[in-house]
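Asks: Below is a structure I'd like to ask you about.
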Amino acid sequence: MPKAAVLKDIENLEILERDIPSPKKGEILLKVKSCAICGTDIKVFHHGHKHIVFPRVTGHELSGIIEKVGTDVEQYIEGDRVAVAPAIPCGQCYYCRKGWQSMCDNLKAIGYHFDGGFAEYMIVPEIAIRNGCVNKIPESVNFDQASLAEPLACVINGQQLSRVEVGDTVLILGAGPIGCLHAELAKNTGATKVILADVVQQRIDMAAFTGAITVNSKEKDLKKFVAEITDGRMADRVIVAVGSAEAQEQSLELVAKRGSINFFGGLPKESPFARLNTNVLHYGESFITGTHGSTPLHNQMALELIASGRIKINNYISKKMKLDQVLEGLREAEERKVMKIVINP
Ligand SMILES: [Zn+2]
Ligand SMILES: [Zn+2]
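So, in structure tokens, the structure goes:
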């Protein structure tokens, strides 16, 4: 019998045997090939989530082969290689009609409202298919690479919101996989200087492949460092890719006039406040935006960008593990010494 990693309760994950689900009208049965571990999988493991009712199979950065289609599924056939965008918009609300599906009032998500990819098989719900969440994988892209389309999609959304442009100096706080994707994407857009800052030397060393200027902000004064590189102008775009109020506060010292700051990482819900010098925004005409998730279209763009070879996607895959190693994978990902761990069920 096929297996699934079932989160039965907080910090209680079990590998269970399960019948192969059969797709109902409008649904797809997916044979999961790759599902990458994300920081939010670790958070959910320890703390649960307001949208999760246990037991639940988590995992939302995923790709696979269509094993079977339900009745009324027209655009897909058995054997199609697909990546599934996990955030499912309703397609009907004000924000969906605006084209801002990541802000959908009725957003549902795979791995939260529906079972996700840490399983040999999963059902892709009808509403996901109807709203364009199932993207065919370009031929030159393998399943592990395709599973990383989701984090890249969020990064694309973030840089559109930040308005990264040709000639910009882009400063990214946090050199994890998300920070590295930001660095590579900004370079592709035509940013002339891209700076990646972190406080952990090991992460800075791992980020060398991005070609960004790297800096250990524990050892060096970041404000001085950025000032030297930019002749005192500071960074046009600051992307805070860590969930830290301190980093958010510091970002206002690092932004150029008319520049933008992106709070890409969220703060813990018990302590969501930061003290900001808002005069920087007033006198400098700069702005702050946030980023939450991505749309189905961003996911398709991410797959095409991976296919183009302009993101060095293999550098993000540090380790592959089997389904019965999910727990081990979560623990290892939590230590933040590797980029991404991909589960191959
Ligand atoms: Zn994720
Ligand atoms: Zn909606």
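Under this note's numbering, the letters of the sequence shown match residues 1 to 345, in that order.
Think of the CB as a built atom: it goes at the ideal place given N, C-alpha and C, for glycine as much as any other residue.
#1: For the structure I just gave you, are there three or more beta carbon pairs, one from the region 91-103 and one from the region 67-79, closer than 8 Å?
#2: When the Cα atoms are used, what is the spatial distance from residue 272 to residue 68?
#3: If I follow the unbroken alpha helix (DSSP H) through residue 64, where does it start and stop?
#4: Would residue 119 pass as a contact of residue 323 if the rule is Cβ separation under 9 Å?
#5: Between the region 121-131 and the region 37-52, are three or more C-beta pairs nearer than 8 Å?
#6: In three-state DSSP terms, what is residue 289?
#7: Ligand 1 and residue 133: does any heavy atom of the ligand fall closer than 8 Å to the residue's C-beta?
#8: How close, in whole Å, do the beta carbons of residue 282 and residue 157 come, if the pair is a contact with beta carbons under 8 Å?
#9: Give the C-beta separation of residue 229 and residue 195 to the nearest angstrom, bearing in mind that I take them to be a contact with Cβ-Cβ under 8 Å.
#10: Classify residue 59 as buried or exposed, calling it buried when 16 or more other Cβ atoms lie within 10 Å of its own Cβ.
#11: As a quick check of your reading: which residues have a C-beta less than 6 Å from at least one non-hydrogen atom of ligand 1, in chain order?
#12: Assign residue 14 to one of three DSSP states: helix, strand, or coil.
#13: Residues in its own chain within less than 7 Å of residue 23 by CB, not counting five upstream and five downstream?
#14: Where residue 146 and residue 279 are concerned, what is the direct C-alpha to C-alpha distance, given to the nearest angstrom?
#15: For residue 238, count neighbouring Cβ atoms within 10 angstroms of its own Cβ and tell me buried if that reaches 16, exposed if not.
#16: Could you give the uninterrupted runs of the alpha helix (DSSP H) lying entirely in the region 40-127, keeping only those of 4 residues or more?
#17: List the residues that DSSP assigns as beta-bridge partners of residue 344.
#18: Classify residue 147 as helix, strand or coil using the three-state DSSP reduction.
#19: For ligand 2, any of its heavy atoms closer than 8 Å to the Cβ of residue 89?
#20: Can we say the region 138-152 touches the region 82-90, given the rule of at least three CB pairs closer than 8 Å?
#21: Just how far apart, CA to CA, sit residue 277 and residue 288?
#22: Does the beta carbon of residue 297 fall short of 8 Å from some heavy atom of ligand 2?
#23: Measure the C-alpha to C-alpha separation of residue 265 and residue 257 and round it to an integer number of angstroms.
#24: Residue 258 bridges to which residues according to DSSP?
#25: Do you know offhand how far residue 90's Cα is from residue 61's?
#26: Would the beta-carbon of residue 241 fall within 9 Å of that of residue 173?
Replies: Taking the geometry as given:
#1: no
#2: Numbered from 1 along the sequence shown, position 272 holds the residue referred to as residue 272. Numbered from 1 along the sequence shown, position 68 holds the residue referred to as residue 68. Roughly 44 Å separates the two Cα atoms.
#3: Walking along the sequence shown from the start, residue 64 turns up at place 64. No alpha helix (DSSP H) contains residue 64, which is instead part of the beta strand (DSSP E) from 61-69.
#4: Residue numbering aside, residue 119 sits at position 119 when the sequence shown is read from its first letter. Residue numbering aside, residue 323 sits at position 323 when the sequence shown is read from its first letter. A contact, by the Cβ cut-off of 9 Å.
#5: no
#6: In the sequence shown, counting from the first residue as 1, residue 289 sits at position 289. Residue 289: strand per DSSP, three-state reduction.
#7: What you label residue 133 is simply residue 133 of the sequence shown in a count that begins at 1. For ligand 1, not one heavy atom lies less than 8 Å from the Cβ of residue 133.
#8: If you number the sequence shown from 1, residue 282 lands on position 282. If you number the sequence shown from 1, residue 157 lands on position 157. No, residue 282 and residue 157 are not in contact; Cβ-Cβ is about 27 Å, not under 8 Å.
#9: Residue mapping note: residue 229 aligns to position 229 of the sequence shown, counting from 1. Residue mapping note: residue 195 aligns to position 195 of the sequence shown, counting from 1. About 7 Å separates the two Cβ atoms, so the contact holds.
#10: By 1-based counting over the sequence shown, the position of residue 59 is 59. Counting Cβ neighbours within 10 Å, residue 59 comes out buried, since at least 16 surround it.
#11: 38, 40, 60, 61, 150, 151
#12: As a working note, residue 14 is residue 14 in the sequence shown. Residue 14 falls in the strand class under three-state DSSP.
#13: Here residue 23 refers to the residue found at position 23 when the sequence shown is read from its first residue. Once the five neighbours on either side are set aside, the close Cβ partners of residue 23 are 29, 68, 69, 70, 123.
#14: One-based indexing of the sequence shown puts residue 146 at position 146. One-based indexing of the sequence shown puts residue 279 at position 279. Going from the Cα of residue 146 to the Cα of residue 279 covers about 43 Å.
#15: Residue numbering aside, residue 238 sits at position 238 when the sequence shown is read from its first letter. It is buried - the Cβ of residue 238 has at least 16 other Cβ atoms within 10 Å.
#16: 94-98
#17: Mapped onto the sequence shown, residue 344 falls at position 344. DSSP lists 322 as partners of residue 344.
#18: For the purposes of this step, residue 147 is identified with residue 147 of the sequence shown, where counting begins at 1. Three-state result, residue 147: helix.
#19: Translated into the one-based positions of the sequence shown, residue 89 becomes position 89. It does: the Cβ of residue 89 is within 8 Å (strictly closer) of some heavy atom of ligand 2.
#20: yes
#21: Here residue 277 refers to the residue found at position 277 of the sequence shown. Here residue 288 refers to the residue found at position 288 of the sequence shown. If I take the Cα positions, the gap works out to 12 Å.
#22: Counted from its first residue, the sequence shown places residue 297 at position 297. For ligand 2, no non-hydrogen atom lies closer than 8 Å to the CB of residue 297.
#23: Locating residue 265 in the sequence shown gives position 265, where the first residue counts as 1. Locating residue 257 in the sequence shown gives position 257, where the first residue counts as 1. Between residue 265 and residue 257, the C-alpha separation is close to 23 Å.
#24: The residue labelled residue 258 in the question sits at position 258 within the sequence shown. Looking at the DSSP assignment, residue 258 forms no beta bridge with any residue, so it has no partner.
#25: Residue mapping note: residue 90 aligns to position 90 of the sequence shown, counting from 1. Residue mapping note: residue 61 aligns to position 61 of the sequence shown, counting from 1. Cα-Cα distance, rounded: 20 Å.
#26: Stepping through the sequence shown from its first residue, residue 241 is reached at position 241. Stepping through the sequence shown from its first residue, residue 173 is reached at position 173. Contact: yes.
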